[in-house]
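See below for the structure under consideration.
Number of protein chains: 6
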Amino acid sequence: MKFITIGELLLRLSPPNYEKIRTTNSFIINFGGAEANVAVSLANLGVDSTYFTVLPNNDLGKAAVAYLKANDVHASKIILDGDRIGTYYLEEGVSVRSSKVIYDRKYSAFAEYDYTDTDLEGVLKGYDWLHLSGITPALSANCQILLEKALVVAKRLGITVSFDPNYRASLWDWNTARDVLSTYMPYVDILIGIEPLHLYNADGKDVKEGLSMQPSFKDMNRVFRELDNQFHFRAIARTVRFAHSGSNNSLMAFLHMDGETYESNTMNFDIVDRVGGGDAFSSGLIFALMKNMEPQTAVNFAVASSVMKHSIRGDTNITDEASITRLMENKSYDIRR
Amino acid sequence: MKFITIGELLLRLSPPNYEKIRTTNSFIINFGGAEANVAVSLANLGVDSTYFTVLPNNDLGKAAVAYLKANDVHASKIILDGDRIGTYYLEEGVSVRSSKVIYDRKYSAFAEYDYTDTDLEGVLKGYDWLHLSGITPALSANCQILLEKALVVAKRLGITVSFDPNYRASLWDWNTARDVLSTYMPYVDILIGIEPLHLYNADGKDVKEGLSMQPSFKDMNRVFRELDNQFHFRAIARTVRFAHSGSNNSLMAFLHMDGETYESNTMNFDIVDRVGGGDAFSSGLIFALMKNMEPQTAVNFAVASSVMKHSIRGDTNITDEASITRLMENKSYDIRR
Amino acid sequence: MKFITIGELLLRLSPPNYEKIRTTNSFIINFGGAEANVAVSLANLGVDSTYFTVLPNNDLGKAAVAYLKANDVHASKIILDGDRIGTYYLEEGVSVRSSKVIYDRKYSAFAEYDYTDTDLEGVLKGYDWLHLSGITPALSANCQILLEKALVVAKRLGITVSFDPNYRASLWDWNTARDVLSTYMPYVDILIGIEPLHLYNADGKDVKEGLSMQPSFKDMNRVFRELDNQFHFRAIARTVRFAHSGSNNSLMAFLHMDGETYESNTMNFDIVDRVGGGDAFSSGLIFALMKNMEPQTAVNFAVASSVMKHSIRGDTNITDEASITRLMENKSYDIRR
Amino acid sequence: MKFITIGELLLRLSPPNYEKIRTTNSFIINFGGAEANVAVSLANLGVDSTYFTVLPNNDLGKAAVAYLKANDVHASKIILDGDRIGTYYLEEGVSVRSSKVIYDRKYSAFAEYDYTDTDLEGVLKGYDWLHLSGITPALSANCQILLEKALVVAKRLGITVSFDPNYRASLWDWNTARDVLSTYMPYVDILIGIEPLHLYNADGKDVKEGLSMQPSFKDMNRVFRELDNQFHFRAIARTVRFAHSGSNNSLMAFLHMDGETYESNTMNFDIVDRVGGGDAFSSGLIFALMKNMEPQTAVNFAVASSVMKHSIRGDTNITDEASITRLMENKSYDIRR
Amino acid sequence: MKFITIGELLLRLSPPNYEKIRTTNSFIINFGGAEANVAVSLANLGVDSTYFTVLPNNDLGKAAVAYLKANDVHASKIILDGDRIGTYYLEEGVSVRSSKVIYDRKYSAFAEYDYTDTDLEGVLKGYDWLHLSGITPALSANCQILLEKALVVAKRLGITVSFDPNYRASLWDWNTARDVLSTYMPYVDILIGIEPLHLYNADGKDVKEGLSMQPSFKDMNRVFRELDNQFHFRAIARTVRFAHSGSNNSLMAFLHMDGETYESNTMNFDIVDRVGGGDAFSSGLIFALMKNMEPQTAVNFAVASSVMKHSIRGDTNITDEASITRLMENKSYDIRR
Amino acid sequence: MKFITIGELLLRLSPPNYEKIRTTNSFIINFGGAEANVAVSLANLGVDSTYFTVLPNNDLGKAAVAYLKANDVHASKIILDGDRIGTYYLEEGVSVRSSKVIYDRKYSAFAEYDYTDTDLEGVLKGYDWLHLSGITPALSANCQILLEKALVVAKRLGITVSFDPNYRASLWDWNTARDVLSTYMPYVDILIGIEPLHLYNADGKDVKEGLSMQPSFKDMNRVFRELDNQFHFRAIARTVRFAHSGSNNSLMAFLHMDGETYESNTMNFDIVDRVGGGDAFSSGLIFALMKNMEPQTAVNFAVASSVMKHSIRGDTNITDEASITRLMENKSYDIRR
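Below, the structure written as structure tokens:
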């Protein structure tokens with residue numbers, strides 16, 4: 010199975026040791042971005058993984074490419090052009106302080122690039138699976154063109170498409186997001202996360218017959234069926250997070266496949282690094298589906314993948330399959346020597 | 010409301026990463042001191058805040074002043090004179106290890122300064138609120154003169170006075186402290202913390218009709234009434250801490266105002282940095298009273314302020330009002346982006 | 010009481026801040042090794058403590074010796090000879106990630122040294138207590154000779170011998186270990202840990218009438234009696250660990266003395282550094298027995314010693330007696346100033 | 010003398026320990042920008058110093074303001090508005106490697122702000138000295154409006170204006186810069202640096218009767234006279250740098266006042282941090298002229314100020330007057346204790 | 010031109026900030042090894058570069074592979090097998106202290122691997138250039154087999170072979186080295202460094218008609234001719250280093266091609282990191298010859314490549330061609346922005 | 010030869026990376042003090058070395074003792090008593106910035122201790138060599154008593170006494186120092202440094218027939234003779250330092266023995282850490298005299314010891330004899346591997 014994904018790579022700058030941005034004297038460098046995280050995690054799981062993006066042809070862009078290559082992600086299709094790398098500043102949460110993000114990603118090389126003449130057929134040909142997210146169309150009109158072209162070409166080439174709506178209130182508003190993303194759904198095979206496609210508010214308050222942020226199996230099942238009736242997915246999944254503090258969360262997920270809804274185990278865990286938890290769920294689920302795991306195992310594996318990510322600094326779950334399986338099966342947490 | 014406080018600023022030196030003093034190779038620098046912590050927290054909450062102290066006219070004194078200015082605390086009244094900055098070494102606790110302090114504050118510029126000719130009327134005029142603590146009179150006879158002058162002048166100028174007894178067994182003994190501080194109470198409007206004014210031992214063992222370290226509402230209410238009858242405060246408050254480990258505590262507080270005793274919510278939290286937790290309760294309570302919050306809200310806000318502090322490195326709660334309110338109202342701890 | 014121990018000192022290299030070995034850019038240096046950890050902890054408790062080993066005569070060997078001396082361990086008997094210092098790489102676990110060890114200790118100066126002409130009588134004379142572990146015979150045939158000589162000489166000199174089997178699956182297999190170690194037992198007075206002497210598998214699965222990893226008092230009592238009948242120890246102890254996560258464990262222990270089995274309190278604790286937890290139990294127990302504490306107190310003290318270790322970076326419990334007693338007696342965890 | 014300056018504040022991110030941007034894992038944070046550097050250096054010399062700029066109202070903007078306040082620069086006129094802080098990445102040179110800059114300052118809050126309604130009279134009133142640089146008009150049309158307004162208002166208010174053309178080839182081209190800056194010269198009293206006002210190429214190659222990068226006294230004198238005849242300055246200065254390597258330079262300067270050209274001593278020095286060397290010359294010269302030093306002393310002081318800066322990490326010469334004088338007078342470099 | 014090299018990759022551990030091994034608390038991680046350094050430098054210069062080695066299949070081996078990939082070196086032929094990665098400890102010299110190395114490379118996966126069945130034709134086919142060094146045969150008998158097979162296969166496939174004798178007194182003695190390496194010379198096209206092929210002692214003392222460490226052009230020319238007469242090389246080169254201190258050296262080189270001896274410029278430079286200086290000369294020379302630079306330019310380029318390396322932390326010259334050319338042409342060392 | 014020295018141990022706190030005290034966020038910890046530096050250096054040279062001081066019985070005192078033990082200095086005579094450890098803050102100089110010291114050593118445990126009942130005969134018995142410095146009597150009246158007792162006892166026991174006047178203008182004035190120290194000279198065998206015993210001013214300005222800071226051989230010879238006539242020393246030495254910058258110095262020394270004056274080579278060197286340079290000269294000279302080196306060799310060895318120290322972080326020359334000899338003999342500075 011050959012995997013490819015398209016999206017914006019982000020330079021992440023975060024103070025060390027849970028310091029505050031206002032008072033820190035240095036930033037730790039990581040690279041992230043929803044799709045890059047999925048590409049890197051899958052490569053670490055042994056999947057042939059390719060990433061397409063646009064990066065500036067300077068030392069920051071080159072550092073990002075080196076990061077991808079070091080993680081076995083094919084970077085040869087990346088376009089080096091434009092001025093700036095999308096950036097975000099992360100104040101990592103701890104204890105009762107939640108993590109905080111300052112985005113500085115406007116005018117990035119990826120968002121500003123003109124994709125009208127980009128040969129997406131050339132980019133996508135030969136791949137079996139394409140992963141996309143709802144962040145890309147939120148970035149710029151150029152990026153909406155890119156995404157639409159990618160979806161159409163993928164359909165034509167018979168590539169499986171997974172899609173994470175990944176709603177970000179700081180990038181666009183709820184209704185616009187829902188309207189734009191709805192037009193993409195006919196091209197999507199696996200939907201990972203349902204906001205803002207189903208109708209409730211971004212702040213999680215129930216509206217009309219909307220869904221709570223921590224829904225019951227019954228409600229979730231109903232909403233999955235409604236979405237499935239509307240768009241006919243191969244699978245739909247959604248995580249549920251219980252943020253007991255900035256340092257300790259629980260996570261579980263629901264997966265809908267072949268008319269059934271599966272509910273994972275709920276795992277409680279301390280948090281070393283919160284960012285990329287959702288992307289590690291995506292990479293875990295994509296891997297599980299690529300390997301044709303049973304739906305119940307698949308959703309457990311995806312949750313374990315996400316939980317594992319929270320124990321690793323940086324945006325990405327750089328872990329091998331055995332470690333995730335071991336965690337999923339709840340083997341001993343004691344030292345291995 | 011213009012706020013001023015008087016006290017000793019301390020240079021804090023603590024090993025990084027919860028290392029032990031005996032084996033560390035470096036010290037992280039912070040500045041603290043009970044009153045400075047209150048001044049800095051209030052300035053971060055937007056209050057016009059001034060700090061009066063004495064610091065040596067060398068690069069350590071200048072670094073302390075720069076810290077205050079960077080945090081919007083007015084430092085123009087500070088006297089640069091004398092030889093040394095009060096210092097303490099902090100071994101930060103973690104897990105089952107509790108935090109440990111080595112004081113090296115004797116002979117500090119603040120303690121050695123002769124305040125007999127200091128124009129305290131010039132210092133205090135134009136301010137609405139003065140905060141003092143019981144640490145100052147424990148430092149030296151000079152400092153007792155300073156504090157007595159400050160209380161008398163504040164009374165004359167009609168300034169609201171808050172006072173945190175802040176008993177430190179390493180600086181003076183229980184009975185002396187109680188006797189000295191009792192003479193200050195007629196000048197005090199808001200009392201934050203009651204030890205050693207009420208009669209039990211410093212190590213928390215009950216004596217006669219004394220109060221336990223974790224008293225019931227009923228006992229606390231009784232003691233508040235006794236103190237109020239004796240000294241006629243505008244408000245009295247006292248926190249109750251449950252130290253489950255060096256890394257995890259719970260905190261709640263009682264507040265007595267207008268004849269009623271209010272009990273806050275109890276909050277459980279992990280600890281990043283234990284020091285200054287009490288001062289953040291003081292700054293939270295002072296802020297709440299300045300803003301005329303309802304007593305029940307005020308005590309909850311003060312507890313949330315203290316809890317938030319424990320998640321921040323350094324002695325001070327450098328947080329804005331919205332974040333504390335958000336914590337008090339128990340909003341989501343998940344990442345904000 | 011003069012204490013001596015013989016074993017391999019290890020250079021420990023671990024990434025900072027719970028980073029992964031694959032992505033870290035630096036290693037923090039510590040020194041460890043089961044017996045060195047016991048020697049250093051006992052010296053920190055005030056015991057006259059000596060360590061015998063072989064180290065290469067280069068700056069790494071000298072750094073190790075300096076570490077011992079700085080901790081008051083007598084190092085004058087150490088032989089400086091050979092090529093390399095035994096090394097291990099430790100990826101410290103956190104949250105759901107368990108700690109991982111890469112051993113690079115083969116061909117060490119200690120394992121390669123020819124002990125046939127070593128004057129062990131000269132080494133051991135004048136000491137009251139000798140501590141050994143099952144790691145040494147697992148290292149090389151040379152080391153088996155060393156251990157056998159040490160046991161025979163110790164018996165002749167009337168030295169009390171404590172022994173920690175310390176089974177490591179990466180060094181030798183279960184059956185070989187059991188067979189070799191069983192021949193040592195007649196020379197042993199205090200046995201700390203029972204695997205692989207009693208018959209169950211290294212992976213903890215019950216075989217026949219074997220013992221579970223978290224046995225009941227009744228089962229433990231039975232096994233202690235069986236071992237005692239077979240080998241006639243002065244004391245046998247065994248810890249039981251509950252690894253709730255990589256960052257939080259509980260620990261308790263059983264101690265068998267004079268025909269009785271004692272069960273300690275169970276302590277729950279967060280983990281700063283997992284390695285050396287077992288050695289801190291050994292040092293705590295040896296200290297308690299040297300001081301003739303009551304068996305119930307002894308086992309509680311040993312558990313508190315182990316628990317305290319988990320809050321300290323590095324392999325060793327560098328703590329004084331008062332702090333361990335304080336923890337054992339469950340005094341306040343709040344800051345001491 | 011009250012000093013004010015207007016310009017863009019920059020967040021500087023540079024790898025520690027002379028690492029390369031491509032391979033570093035963290036960035037040290039400093040704040041810079043030509044005018045901010047001058048403001049901070051003058052405040053450290055004891056001058057009443059104010060800085061006007063536009064910064065985003067987020068934690069990065071607030072950190073920048075805290076930096077200014079900690080250095081005694083008045084920040085109350087700063088406008089908090091817009092999205093991003095101007096940023097640059099600095100790879101610090103060492104040995105044969107020269108320092109390298111990646112600018113990421115486009116679309117900054119300062120460049121994007123609409124100054125048409127800004128009350129510059131309100132900003133500048135009450136000040137004696139205004140410092141500006143040629144970087145500002147290179148940033149945006151908005152900034153050109155800002156600068157033109159500032160010059161006109163300063164003239165009307167009788168404020169002394171110093172100007173550093175500070176040509177940056179990455180921001181605009183030589184001819185545009187020369188044409189724009191020439192229109193400012195009638196408003197300028199003190200010109201610090203002459204490129205691109207005099208006619209030679211940005212790469213330093215002689216064109217026609219242009220000036221070499223390391224001119225003789227005779228040539229420099231001629232060019233000063235030509236510029237003076239054209240624009241009638243109170244003073245003109247220009248530094249000459251000899252970059253022997255990335256770590257060792259020599260520096261001298263020429264100053265033209267009252268029809269005379271003065272030549273400073275040439276100082277050789279190792280470089281800790283190259284950036285801000287020119288700004289420290291400006292602040293040194295402004296300070297010297299404010300204090301009415303003799304021209305020969307003034308140019309020596311300005312060179313010493315610049316040289317001192319190269320020994321300090323960060324963009325700014327945070328040094329007191331005595332230290333610069335001591336260096337200028339070539340006192341002992343040995344330890345002071 | 011497709012380049013390949015074979016050799017042992019080394020894990021380098023060095024104290025930060027020029028600390029001593031005996032007193033440091035951490036090691037900075039780098040990867041090196043003579044041949045890996047050449048492969049990485051050539052890849053950074055844009056050459057299609059492949060590296061063949063054997064590494065243990067653990068996280069240390071994987072980190073090494075990630076380092077290569079991040080630097081664009083093809084790593085797909087690397088064999089993951091065996092126990093340990095060759096390691097060395099480097100105490101970096103500074104001022105009057107010279108750098109010191111402790112080798113811990115015995116028993117490495119590369120040295121222990123049995124190459125008798127390795128398909129070297131499969132490894133080398135399709136490449137134009139093979140680089141080898143005299144370190145490999147010094148490691149083990151296995152490695153001598155590997156090297157001999159590689160030379161024979163390369164000859165058969167018509168691959169250009171460059172060879173750096175790289176004599177290390179700590180690995181083998183002078184006479185053995187000379188005897189073994191002499192048998193390789195008939196397969197070598199380009200010889201980089203002549204010791205121990207020519208007859209003088211390893212400690213540089215002249216013996217009989219041997220060569221001084223800092224020979225005159227005349228002597229060097231004579232020796233080159235003798236070697237050329239004996240072995241018929243396409244080119245022979247040799248650097249000459251003047252170690253003025255641990256922090257400052259000068260370097261020049263001689264190159265013999267087509268019967269002529271060329272002498273480079275002598276460059277003086279400060280040293281950030283001494284290790285890999287020779288390998289950067291090799292990569293520079295190989296690159297220059299691949300590009301068919303004139304001999305005089307080639308030797309200057311190779312020296313500039315080596316000089317540049319000394320300004321970069323780590324073993325490798327990770328620099329692009331333009332920067333080396335700029336240094337060779339002695340362009341300005343001042344900041345580029 | 011058994012060596013002992015008496016003096017105040019100092020905790021040294023210095024910003025990393027040549028940062029300024031005013032802006033640093035951490036301090037690197039070292040231990041120093043003139044006599045401790047000599048004790049540690051001699052132990053590193055293999056001399057049996059003992060240090061006597063008073064330190065507070067807290068974790069800072071214990072860390073200091075551990076430092077001594079790790080360096081093989083006998084610490085068993087140290088008295089643990091009193092409140093504070095003498096402390097100094099060091100801003101390390103670099104380039105044109107000189108190092109700066111802030112002393113915070115008043116009221117130290119060593120200075121405050123009452124030595125009237127101290128059994129100095131018990132302390133000194135069995136030693137062959139006692140080293141003292143002029144810093145001790147500058148600290149307190151208690152310390153003057155200590156020093157006087159030590160001199161008298163040493164004389165009685167026939168111990169060789171070396172003395173370094175080590176004048177510090179911040180501790181006492183020139184004339185007092187000269188008067189006090191002159192009374193010690195009859196007890197002194199080897200005088201290392203002559204200020205303030207000979208008559209010129211502390212700032213180095215010539216007075217009357219005083220000596221310049223960089224005297225000629227002739228002047229130095231004359232002064233040595235005068236001092237020798239007055240006090241009859243076994244040897245007198247004095248270093249001459251040329252501080253070209255904060256980072257680069259030259260050093261030479263004169264030694265007077267048996268009526269002859271010897272002049273060392275002048276060595277130029279870069280400076281990593283300036284502090285302790287004089288103490289390393291003392292330890293080098295004491296070692297050379299203990300080993301009965303020829304006077305010319307002795308003074309060269311002492312200068313090389315001092316020069317080596319400047320390349321090592323911390324106050325002490327932790328170097329073995331071979332490395333100093335190698336430096337003295339001007340062997341290659343290139344890497345040793």
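Chains as they are written, first to last, in the working numbering: chain P, 10 to 346; chain C, 10 to 346; chain X, 10 to 346; chain L, 10 to 346; chain U, 10 to 346; chain A, 10 to 346. Positions of the beta carbon are idealized from the N, C-alpha and C atoms, including for glycine. From a predicted model like this one, the values you see are computed outputs, not experimental measurements.
- Below the 7 angstroms Cβ cutoff, chain L contributes no neighbours of residue 48/C, its closest Cβ being approximately 15 angstroms away.
- Under the DSSP assignment, residue 70/U falls in the alpha helix (DSSP H) whose first and last residues are 68–79.
- If you check the CB distance, residue 333/A and residue 287/A do not come in under 8 angstroms.
- Relative to the Cα of residue 226/A, the nearest Cα in the group 206/A, 259/A, 249/A belongs to 249/A.
- The beta-bridge partner set that DSSP reports for residue 89/C consists of 64/C.
- By the CB criterion at 8 angstroms, residue 63/P and residue 91/P fall inside the cutoff.
- Between the C-alpha atoms of residue 325/X and residue 20/X there is a straight-line separation of about 13 angstroms.
- The C-alpha of residue 194/U is placed about 6 angstroms away from the C-alpha of residue 240/U.
- Straight across, the Cα-Cα distance linking residue 335/X with residue 79/C is about 41 angstroms.
- Taking all protein chains shown into account, residue 50/C has 16 or more neighbouring C-beta atoms within 10 Å of its C-beta and is therefore buried.
- Apart from the 5 residues on each side of it in sequence, residue 237/X sits with its Cβ closer than 7 angstroms to the Cβ of 245, 265 in its chain, given in chain order.
- C-alpha of residue 73/P to C-alpha of residue 330/C: approximately 38 angstroms in a straight line.
- As DSSP reads the structure, residue 11/C sits in a beta bridge with 57/C.
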